[in-house]
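Colleague: Chains as they are written, first to last, in numbering that gives the first Met the number 0: chain P, 0 to 413; chain R, 0 to 219.
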Amino acid sequence: MLQSYNPPYNATMVEKVIDAGGIIVGKANMDEFAMGSGSLDSCHGAVINPWNLLTFSCNQIQRSDWCIAGGSSGGSAAAVAAGACLAAFGSDTGGSTRNPASYCGIVGLKPTYGLLSRHGLIPLVNSMDVPGIMTKTIEDSVILLNAVAGHDIRDSTTVQESLTPFTLDHEIDLSKLHVGIPKEFHAPGLSEEVVEMWRATADHLEQAGAKVSQVYMPHTRHCLICYHVLCCCEVASNFSRYTGIEFGLRSGSEESTEELYAQNRHYGFNDVVRGRILAGNFFLLRKNFDRFFLKAQRIRRLISNDFKAVFDSGVHFLLTPTTLTDAPSFNWFCEKDNRSRCAEQDIFTTPANMAGIPAVSIPLRISRRGLPLSLQLMGPHFSESRLLSLAHWLEQQAGFPHLDLDFLDKQAIE
Amino acid sequence: MLRVICNRLRLARKHSTGIDLILKNHAKNCRSLISFSSKVPDKPTWDPVDHDKLPKVPEIDLALVEQLERISLVEFNNEAGLLRLQEAVKLANQMHLVDTDGVEPLDSVLEDRECYLRSDDVTDGNCVEDVMSNASKVEEQYFVAPPVSMGSKGTVLQRNGVTESHRGKCHSLPEVNNTLFNESSSADATPLPADSSQVHLFPSCHSIVNVLTRSSLRCF
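1. Checking 7 Å against the spacing of the C-beta atoms, do L386/P and L376/P come in under that value?
2. From what residue to what residue does the alpha helix (DSSP H) around A87/P run?
3. Using C-beta distances below 8 Å, list every residue in its chain close to H43/P, excluding the 5 sequence neighbours before and after it, in chain order.
4. CA-CA distance, V106/P and K135/P?
5. So L372/P packs on M196/P, CB below 8 Å; how close in whole Å?
6. Taking the beta strand (DSSP E) that L39/P falls in, what are its first and last residues?
7. Could you check the C-alpha separation between R367/P and P49/P for me, to the nearest Å?
8. Would you mind telling me which residues of chain P sit closer than 9 Å to S80/R, beta carbon to beta carbon, in chain order?
9. Note down, in chain order, every chain R residue with its Cβ under 8 Å from the Cβ of L189/P.
10. Just the C-alpha distance for D305/P and T219/P, rounded to the nearest angstrom, thanks.
11. So what does DSSP say about E394/P, is it helix, strand or coil?
12. Could you give the distance in angstroms between the alpha-carbon of L63/R and the alpha-carbon of K294/P?
13. Within 10 Å of its beta-carbon, does V175/R have 16 or more other beta-carbons around it, so buried, or fewer, so exposed?
14. Does T163/P pass the burial test, meaning 16 or more other C-beta atoms within 10 Å, or should it be called exposed?
15. For A144/R, go through chain P and note every residue whose CB falls closer than 7 Å to its CB, in chain order.
16. Is the distance from the Cβ of E245/P to the Cβ of S252/P below 7 Å?
17. Using a Cβ-Cβ cutoff of less than 8 Å, which residues in the same chain neighbour I60/P once the five nearest sequence positions on both sides are dropped?
18. Please report whether the beta-carbon of Q213/P lies at a distance below 7 Å from any beta-carbon of chain R.
19. Which residues in chain R have a C-beta closer than 7 Å to the C-beta of A295/P? List them in chain order.
20. For D405/P, does the count of other Cβ atoms within 10 angstroms reach 16, so buried, or fall short, so exposed?
21. Could you check where the beta strand (DSSP E) with G188/P kicks off and where it finishes?
22. Taking the runs of the alpha helix (DSSP H) that are 4 residues or longer, which of them lie wholly in the stretch 84-164 of chain P?
23. In chain order, what residues of the same chain lie with their CB nearer than 7 Å to the CB of G467/P, ignoring the 5 residues before and after it?
24. Tell me, please, whether the stretch 254-274 of chain P touches the stretch 314-326 of chain P by the rule of three or more beta-carbon pairs shorter than 8 Å.
25. Counting only the same chain and skipping the five closest in sequence on each side, list residues whose C-beta sits under 8 Å from that of N269/P.
26. Please return the same chain residues whose Cβ sits closer than 7 Å to the Cβ of F55/P, not counting the five positions on each side in sequence.
27. In or out: T222/P buried (at least 16 other Cβ within 10 Å) or exposed?
28. Can you find a CB in chain P that lies within less than 7 Å of the CB of P40/R?
29. Can you say whether D154/P is buried or exposed, counting buried as having 16 or more other CB atoms within 10 angstroms of its CB?
30. Judging by CA-CA distance, which residue of V79/P, L120/P, R97/P and C57/P is the nearest neighbour of A10/P?
31. Considering only C-alpha positions, which residue in the set I152/P, K109/P, I276/P and D408/P is nearest to T122/R?
32. Exposed or buried, what is Y4/P when buried is set at 16 or more other beta-carbons lying within 10 Å of its beta-carbon?
33. With a threshold of 8 Å, are at least 3 pairs of Cβ atoms found where one atom belongs to the stretch 321-331 of chain P and the other to the stretch 162-176 of chain P?
34. Using beta-carbon positions only, say whether G113/P and L109/R come within less than 7 Å of one another.
35. Below 7 Å between beta carbons is the criterion; list the residues of the stretch 334-352 of chain P that meet it against any residue of chain R, in chain order.
36. Quick one: grab the DSSP three-state call for L387/P.
In structure tokens, the structure reads:
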């Protein structure tokens, strides 16, 4: 739909990076309209996880059972992991920044809803969309966050309080921290390796002096279905702007507006996008509005209340897995359709979007398959400075071996 | 002593090992000092939903398919599209297992805050070329769109519950067969004056399609 679209303005986040002296080196591939968790549904082709290059040569990859980069912001994650850039933006509506960050072994930060401007971010779900930040290290994410956060008059959902740039607390006192382990996040399908890493990290925090306790968040297990309904409904509304008249693909019959719109939208959207629009309009029909849309909004409040109750009880942060496993293989991922995979892959990331709280994925370990494994930290609204300080501590403890592709240069020279 | 060990752990980190080796090297010492049980559950704490216990998925008949296609202005395309909708509804059905009696819907996580509203001052504009730059068909400073169909797909339009029939109101120009509407430099679309030679049906494509989706969502 937007293949020939040339934006006549910069998004606020991009403008702020440029004003701060950053250099925009390019745009990355992703799932079409941010709908997906594999970065395989793009008209430009799939994103391949750069960690594959440790096992396969460039010529061998596409004939092999290569691993996906995750999605929907897989291109951004792959670029940072491969060292093509120092940082990248993504979007995070249900985990689209944290999921590929986990699979590609980098830091993926979803700040609090309202901290970063969405002006210039193509809307998917207005009430959940947040621009995401991807970097190799927590320190880099703090540099970028300080440069781009803050009120924007062009986005009325940005908070009006002035944001003071912060620095990481390198001497964090763990004895003053209470970390919660939500038991519902041990979900069906969670791999043994991720459980072991989760356990080891929680235990390590406790050994280092933090208070660690199990917490109860009973409605978070329903997050995915709630997200699925709300996403489809807001998509059905947001995507009505794509008609091909003022911008976008125009390739249909000029006999009538309806025929033109229908054909533009047929050729301009893939099956996934069309499917969500149709499902969203089904849920929004008068006879279904209360049973589906309002029901989902009520469940959303229950999920948000679960987080409020936990943080009000004295828990400072929550430690959970980011994804069920390390990066899945392409062949395995394609056995099911996009919607089914999103319903599996986004299970741990959607709760933070429901409640609007900040969440960060940090790579900590290498799996038996030689791929990154990550955990997620979540905190109350606008707790980024303390959240990232704890994330930094974990990052320092783990000493995760980032992907090093310098050997490719040496091979090329030889 | 535990703190001393932990401080040494922090200083002794090696890039190639990760948290696994740190614990492997010192776990024995730490565990001998303090015994605790891990707070991470050993097993999954819930089971996937049994779909047999859910309400039946509402039937999706031809009338519903046509209605959804008309509202969405996208087509199901094939059986796979219909199956996709059925699966989406089946997944959504799981919500009915959750008790939400007495719970208010949550529109926005910013509901406790006052969102910024700027004053109604002109602060932008004079950017006609930018606004028009991505349109495939333009005529002077007009976006060009075909007329609304009188055929089966577009005979009657529902606008906010009031049925409007455009029969008899839609006719083409003798020399230009398209409906034109004006995009002014202030980016507010205004309708052309209604005279006998030109007809427009709506100031902006957005408004027609938006009301057709019947969304009550707040637009941020």
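Note that the Cβ used here is the ideal one computed from N, Cα and C, for glycine as well.
Modeller: Reading off the structure:
1. yes
2. Looking at the DSSP string, A87/P is not in any alpha helix (DSSP H); the run it does join, the beta strand (DSSP E), is A86 to D91.
3. N28
4. 6 Å
5. 5 Å
6. Counting along the chain, L39/P falls outside any beta strand (DSSP E), and DSSP gives it neither H nor E.
7. 17 Å
8. The identity of residue 80/R in the sequence shown is Gly, whereas the question assumes Ser. Within chain P, the residues near G80/R are D270, R273, G274 and L277.
9. P43
10. 8 Å
11. helix
12. 21 Å
13. Note on V175/R: pLDDT 31, under 50, position unreliable in the model; no value is reported.
14. exposed
15. I244 and T256
16. no
17. I47, N51 and L52
18. yes
19. M94
20. exposed
21. Per DSSP, G188/P belongs to no beta strand (DSSP E) and is neither H nor E.
22. 97-103 and 137-147
23. Any property of residue 467/P remains undetermined from this structure, which presents chain P solely from 0 to 413.
24. no
25. E31, D40 and C42
26. S63 and W65
27. Checking the sequence shown, residue 222/P turns out to be Cys, not Thr. So C222/P counts as buried.
28. yes
29. buried
30. L120/P
31. I152/P
32. exposed
33. no
34. yes
35. R338 and A342
36. helix
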